[in-house]
Amino acid sequence: QVQLVESGGGLVQPGGSLRLSCAASGIIFSRYVMAWYRQAPGKQRELVAVITSGGRRNYADSVKGRFTISRDNTENTVYLQMNSLKPEDTAVYYCNANYASIYWGQGTQVTVSS
89 QVQLVESGGG
99 LVQPGGSLRL
109 SCAASGIIFS
119 RYVMAWYRQA
129 PGKQRELVAV
139 ITSGGRRNYA
149 DSVKGRFTIS
159 RDNTENTVYL
169 QMNSLKPEDT
179 AVYYCNANYA
189 SIYWGQGTQV
199 TVSS
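Add 88 to the 1-based position in the sequence shown for the numbering used here, that's all there is to it.
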């Protein structure tokens, strides 16, 4: 049974930081392209950051320079370090695994507000 379990969301003030984690089980993690998506109320889900099995990274223009995606293949975990958070970063953040199949986590809420 495949599981992607996100954690680390919460309420933070503008300019603050959060670190999201996504722990994967039931897959050969090292083979998968891992990504973070987000969905704000009334908006479509959008790609935030992606990291390939080889460690290449890409980011949405809106988060470049502020967010960093990383992975630990020994812990089967992907991370999203989010710095200089803005109110427009408020959304539910989802972990995504893509290789032979596509899997999603349940999401974790990030709220940026003073």
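Here a beta-carbon is modelled for each residue, glycine too, at the ideal position from N, C-alpha and C.
C-alpha gap between residue i and residue j, whole angstroms
{"i": "M170", "j": "F155", "result": "4 Å"}
{"i": "V122", "j": "G114", "result": "Sequence inspection shows Met at residue 122; the Val mentioned does not correspond to that position. Spanning the two alpha carbons is a distance of roughly 14 Å."}
{"i": "S132", "j": "T162", "result": "The residue you asked about is not Ser; residue 132 is Gln in the sequence shown. Each residue's Cα considered, the two are about 33 Å apart."}
{"i": "E94", "j": "D177", "result": "17 Å"}
{"i": "A188", "j": "I139", "result": "16 Å"}
{"i": "I157", "j": "V180", "result": "17 Å"}
{"i": "V90", "j": "I116", "result": "10 Å"}
{"i": "R119", "j": "W192", "result": "16 Å"}
{"i": "K174", "j": "S141", "result": "29 Å"}
{"i": "G153", "j": "E134", "result": "18 Å"}
CB contact flag (residue i, residue j, <8 Å)
{"i": "V151", "j": "R159", "result": "no"}
{"i": "V136", "j": "R126", "result": "yes"}
{"i": "T196", "j": "G96", "result": "yes"}
{"i": "L168", "j": "L108", "result": "yes"}
{"i": "N164", "j": "A111", "result": "yes"}
{"i": "V200", "j": "P102", "result": "yes"}
{"i": "V198", "j": "L92", "result": "no"}
Endpoints, the beta strand (DSSP E) within which residue i is located
{"i": "I116", "result": "Unbroken run through I116: none, as it is neither H nor E."}
{"i": "A188", "result": "No beta strand (DSSP E) holds A188; DSSP gives it neither H nor E."}
{"i": "A137", "result": "E134 to I139"}
{"i": "D160", "result": "F155 to D160"}
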